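Engineer: Mind having a look at this structure? Questions to follow.
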Amino acid sequence: MRTVNILRSRALPLVLLWFAGLYLRLPILVVPALAPSIEADLALSQTALGALTTIPVLMLSLGALPGALLIARAGPLAALVGALVLLALVSSLRGLAPTVTLLFAGTVLTGLAIAIMQPSLPAMVLRWTPTYTALGSAVYMNGMLMGEFVGAGFTLPITLPLVEGSWRWAFAVWSLPALLVAMAIVLAARFGRVPAGSGAAPATASPPWRMPRLWYLGVILGAASGGYFGTNAYLATILTDQGQGERLATYLFIFNGAQVVGSLSMIVLARRLIGRRGPIVVMAWAVSLSLVGVILGTGWFTLLAAFLLGIATCVQLIQVVGLVPQIASAKQASALSAGLFSIGYCLGFFVPLAGGVLVDGLGNPGLALLPCLVLAALAVVAAHRATDVTSPLR
């Protein structure tokens with residue numbers, strides 16, 4: 019009976035973390051699948067089309083510090099719930115935008131909502147799952163990566179047919195259920211099923227900018243994010259250049275499905291991998307080599323390289339983000355996460371965007387992922403230099 023009660027007490031926090039994690043990426047990763055419809059409707063350039071996916075990534079960077087400040091003042095629970103409500107509304111409203119300007123405005127606000135959610139979750143892991151933080155981190159990251167897979171992989175074959183091919187309604191179908199997640203968290207906290215966090219020490223608002231490993235981890239996170247978002251943004255361009263444009267839906271499904279494989283593996287291996295430096299170094303190399311395969315590959319070799327890239331970026335992301343609750347206290351976690359996301363997602367935005375600029379400027383689709391490869395090489399260097407990366411913060 020005691021074992022059953024323990025499982026029950028652990029299940030609800032993990033389920034809530036998973037569903038909150040789902041909405042860290044789902045509203046962003048529906049865009050690549052909708053890109054051909056949006057491009058045809060609004061006549062967007064490759065740079066603008068890529069920006070629809072990468073602008074939320076920029077907001078994850080720009081909004082991380084205000085998010086940490088909000089968490090310090092209101093607490094991570096209130097910040098998480100408020101961000102989920104905001105996300106449901108503004109992400110849905112992207113579909114109502116009559117002009118490109120309003121579409122991008124909705125995209126910016128969507129990224130801002132996610133930017134507030136993201137640093138709140140490591141703090142919630144420490145509050146809701148204090149004795150099994152590695153599992154808590156792996157579970158919410160699995161939710162995030164499942165959001166990537168579902169958004170990118172199911173939109174074309176399932177959601178668009180359900181809404182009669184309307185990319186505008188597709189945004190609403192994926193976004194509005196975030197309101198249910200917010201409601202579930204509020205009710206669970208209200209009735210004492212999960213800790214509400216009242217009485218906890220105030221969170222630190224300022225990231226430790228002078229700490230070198232914050233920058234090393236930021237570069238490593240940026241390479242994983244840039245490789246993932248860049249590939250999603252430009253996969254249609256790359257496949258068209260290779261004469262495989264008709265396989266876009268299959269490739270998106272396989273590439274993002276690899277994230278599911280990686281994230282499920284990390285739930286099992288979380289305690290063995292999270293908090294160790296060696297696996298971070300290995301995955302830095304894996305991201306770099308897989309990007310080379312996607313850039314230079316042809317035919318099914320491109321698919322194999324994309325599958326391996328999906329696994330590598332997934333595992334690296336979970337390792338880096340999951341490291342925060344391992345080395346930081348509940349008071350430090352939000353600020354450390356905010357600094358990490360600020361650096362990592364700034365790189366994750368500008369580096370893939372540079373690929374679109376190269377394609378538009380030089381007319382060579384093969385250059386789309388070259389900036390991401392350069393960043394991945396820098397991440398390999400950072401992973402080797404960050405010898406104290408897993409040491410607890412002072």
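Quick note, the sequence shown lines up with residues 19 to 412 if you use my numbering.
All C-beta atoms, glycine included, are put in the ideal place defined by N, C-alpha and C.
This one's a predicted model, so the numbers in the text were calculated from it and none came from an experiment.
For Ile73 and Phe122, which I take to be in contact (beta-carbon distance under 8 angstroms), what is that distance rounded to the nearest angstrom?
Structural biologist: As a working note, residue 73 is residue 55 in the sequence shown. As a working note, residue 122 is residue 104 in the sequence shown. 7 angstroms between Cβ atoms; contact.
Engineer: Between the stretch 242 to 249 and the stretch 382 to 395, can you find at least three pairs of beta-carbon atoms closer than 8 angstroms?
Structural biologist: Yes: the two stretches touch, three or more of their Cβ pairs being nearer than 8 angstroms.
Engineer: Output the distance between the C-alpha atoms of Phe271 and Val312, rounded to the nearest integer angstrom.
Structural biologist: Locating residue 271 in the sequence shown gives position 253, counting from the first residue. Locating residue 312 in the sequence shown gives position 294, counting from the first residue. For Phe271 and Val312, the distance between alpha carbons rounds to 15 angstroms.
Engineer: DSSP three-state label for Ser63, please.
Structural biologist: The residue labelled residue 63 in the question sits at position 45 within the sequence shown. Of the three classes helix, strand and coil, the one that applies to Ser63 here is coil, per DSSP.
Engineer: The alpha helix (DSSP H) that contains Arg295, what's its start and end?
Structural biologist: Start at 1 with the first residue of the sequence shown, and residue 295 comes out as number 277. That run of the alpha helix (DSSP H) goes Arg295 to Leu314.
Engineer: Are the stretch 265 to 281 and the stretch 329 to 342 in contact at 8 angstroms, needing three or more beta carbon pairs?
Structural biologist: Yes, since at least three Cβ pairs between the stretch 265 to 281 and the stretch 329 to 342 fall closer than 8 angstroms, the two stretches touch.
Engineer: Locate the alpha helix (DSSP H) running through Met193, then write down its first and last residues.
Structural biologist: Numbered from its first residue, the sequence shown carries residue 193 at position 175. Checking the displayed sequence, the identity of residue 193 turns out to be Ser instead of Met. Element bounds for Ser193: Trp185 to Ser193.
Engineer: For Pro116, name the three-state secondary structure that DSSP assigns.
Structural biologist: Numbered from 1 along the sequence shown, position 98 holds the residue referred to as residue 116. The answer is coil: DSSP assigns Pro116 none of H, G, I, E or B.
Engineer: Rounded to whole angstroms, what's the CA-CA distance from Trp233 to Glu182? Just pull it up for me.
Structural biologist: Sequence index remark: in the sequence shown, residue 233 carries index 215 (1-based). Sequence index remark: in the sequence shown, residue 182 carries index 164 (1-based). Each residue's Cα considered, the two are about 46 angstroms apart.
Engineer: Please check the pair Leu76 and Phe359, which I expect to be a contact at CB under 8 angstroms, by giving their CB distance rounded to whole angstroms.
Structural biologist: Walking along the sequence shown from the start, residue 76 turns up at place 58. Walking along the sequence shown from the start, residue 359 turns up at place 341. Not quite, the Cβ-Cβ distance comes to about 11 angstroms (not below 8 angstroms), so this is no contact.
Engineer: From what residue to what residue does the alpha helix (DSSP H) around Asn250 run?
Structural biologist: Here residue 250 refers to the residue found at position 232 when the sequence shown is read from its first residue. Taken as a continuous stretch (DSSP letters only), the alpha helix (DSSP H) holding Asn250 covers Pro230 to Asp259.
Engineer: Using only CA atoms, which one of Pro94, Ala397 and Phe209 lies nearest to Leu235?
Structural biologist: Residue numbering aside, residue 235 sits at position 217 when the sequence shown is read from its first letter. With distances taken between Cα atoms, Leu235 lies closest to Ala397.
Engineer: Please determine, among Leu253, Leu104, Trp36 and Ala82, the residue with the shortest C-alpha to C-alpha distance to Gly374.
Structural biologist: Along the sequence shown, read from residue 1 onward, the residue named residue 374 stands at position 356. Per the Cα distances, Leu253.
Engineer: Classify Glu166: buried if its beta carbon has 16 or more other beta carbons within 10 angstroms, exposed otherwise.
Structural biologist: Walking along the sequence shown from the start, residue 166 turns up at place 148. Burial call: buried.
Engineer: Out of Leu144, Ala96 and Leu239, state which residue places its alpha-carbon closest to the alpha-carbon of Met301.
Structural biologist: Residue 301 sits at position 283 when you count from the first residue of the sequence shown. The shortest Cα separation from Met301 among Leu144, Ala96 and Leu239 belongs to Leu239.
Engineer: Using the rule of at least 16 other Cβ atoms within 10 Å of the residue's Cβ for burial, across every protein chain shown, is Val338 buried or exposed?
Structural biologist: On the sequence shown, position 320 is the one that residue 338 refers to. Flag for Val338 reads buried.
Engineer: Rounded to whole angstroms, how far is the Cβ of Ser5 from the Cβ of Cys364, which I believe are closer than 8 angstroms?
Structural biologist: Lying outside 19 to 412, the shown extent of the chain, residue 5 is not represented and no answer is given.
Engineer: Candidates Ala241, Val286 and Thr258: which alpha carbon is nearest Ala401's?
Structural biologist: What you label residue 401 is simply residue 383 of the sequence shown in a count that begins at 1. For the residues Ala241, Val286 and Thr258, the minimum Cα distance to Ala401 belongs to Ala241.
Engineer: Would you call Thr117 buried or exposed, if buried means 16 or more other Cβ atoms sit within 10 Å of its Cβ?
Structural biologist: Taking the first residue of the sequence shown as 1, we reach residue 117 at position 99. Under this definition Thr117 is an exposed residue.
Engineer: Alpha carbon to alpha carbon, what distance is there between Leu83 and Arg231?
Structural biologist: Here residue 231 refers to the residue found at position 213 of the sequence shown. Here residue 83 refers to the residue found at position 65 of the sequence shown. Using only the alpha carbons, I get a separation of about 18 angstroms.
Engineer: Using the three-state DSSP reduction, which class does Val212 fall into: helix, strand or coil?
Structural biologist: Working through the sequence shown from its first residue, we reach residue 212 at position 194. Val212: coil per DSSP, three-state reduction.
Engineer: Restricting to Cα atoms, I'd like to know which of Lys349, Leu326 and Pro370 is closest to Leu411.
Structural biologist: Here residue 411 refers to the residue found at position 393 of the sequence shown. Checked all of Lys349, Leu326 and Pro370; the closest Cα to Leu411 is Lys349.
Engineer: Helix, strand or coil: how does DSSP classify Tyr363 here?
Structural biologist: Mapped onto the sequence shown, residue 363 falls at position 345. Helix.
Engineer: For the alpha helix (DSSP H) that Trp318 lies in, which residues bound it at each end?
Structural biologist: As a first step, residue 318 must be located in the sequence shown, where it is residue number 300. Where Trp318 is concerned, the enclosing alpha helix (DSSP H) stretches over Trp318 to Ile345.
Engineer: For the alpha helix (DSSP H) containing Arg290, name the first residue and the last one.
Structural biologist: The sequence position of residue 290 within the sequence shown is 272, counting from 1. That run of the alpha helix (DSSP H) goes Leu266 to Leu291.
Engineer: Gly217: buried (16+ other C-beta within 10 angstroms of its C-beta) or exposed?
Structural biologist: For this step, residue 217 is matched to residue 199 along the sequence shown. Its pLDDT being 49, under 50, Gly217 is placed unreliably by the model, and the measurement read from it follows with that caveat. Result: exposed.
Engineer: Just reading off the alpha helix (DSSP H) that Glu182 is part of, what are its end residues?
Structural biologist: Residue mapping note: residue 182 aligns to position 164 of the sequence shown, counting from 1. Here Glu182 belongs to no alpha helix (DSSP H), and DSSP marks it neither H nor E.
Engineer: With DSSP collapsed to three states, give me the class of Gly217.
Structural biologist: Taking the sequence shown and counting its residues from 1, the one referred to as residue 217 is at position 199. Any reading at Gly217 needs caution, since the residue's pLDDT is 49, under 50, leaving its predicted position unreliable; the model's value is listed next. Note: Gly217 maps to coil in three-state DSSP.
Engineer: Could you spell out the range, first to last residue, of the alpha helix (DSSP H) harbouring Asn160?
Structural biologist: As a first step, residue 160 is located in the sequence shown; it is residue number 142 there, counting from the start. Note, Asn160: alpha helix (DSSP H), Thr151 to Phe172.
Engineer: For Ser224 versus Pro45, is the C-beta distance shorter than 7 angstroms?
Structural biologist: In the sequence shown, residue 224 corresponds to position 206, counting from 1. In the sequence shown, residue 45 corresponds to position 27, counting from 1. Against a cut-off of 7 angstroms, the Cβ pair of Pro45 and Ser224 comes out as no contact.
Engineer: Can you look up Arg43 in the DSSP assignment and give me helix, strand or coil?
Structural biologist: As a first step, residue 43 is located in the sequence shown; it is residue number 25 there, counting from the start. Arg43 falls in the coil class under three-state DSSP.
Engineer: Considering only the beta carbon of each residue, do Leu35 and Gly154 sit closer than 7 angstroms?
Structural biologist: Taking the sequence shown and counting its residues from 1, one reaches residue 35 at position 17. Taking the sequence shown and counting its residues from 1, one reaches residue 154 at position 136. For Leu35 and Gly154, yes; Cβs fall inside 7 angstroms.
Engineer: Would a C-beta distance cut-off of 7 angstroms place Phe325 and Ala276 closer than the cut-off?
Structural biologist: Taking the sequence shown and counting its residues from 1, the one referred to as residue 325 is at position 307. Taking the sequence shown and counting its residues from 1, the one referred to as residue 276 is at position 258. Cβ atoms of Phe325 and Ala276: closer than 7 angstroms.
Engineer: Note down the Cα distance separating Arg28 from Thr147, rounded to an integer number of angstroms.
Structural biologist: Taking the sequence shown and counting its residues from 1, the one referred to as residue 28 is at position 10. Taking the sequence shown and counting its residues from 1, the one referred to as residue 147 is at position 129. When rounded, the distance between both Cα atoms is 7 angstroms.
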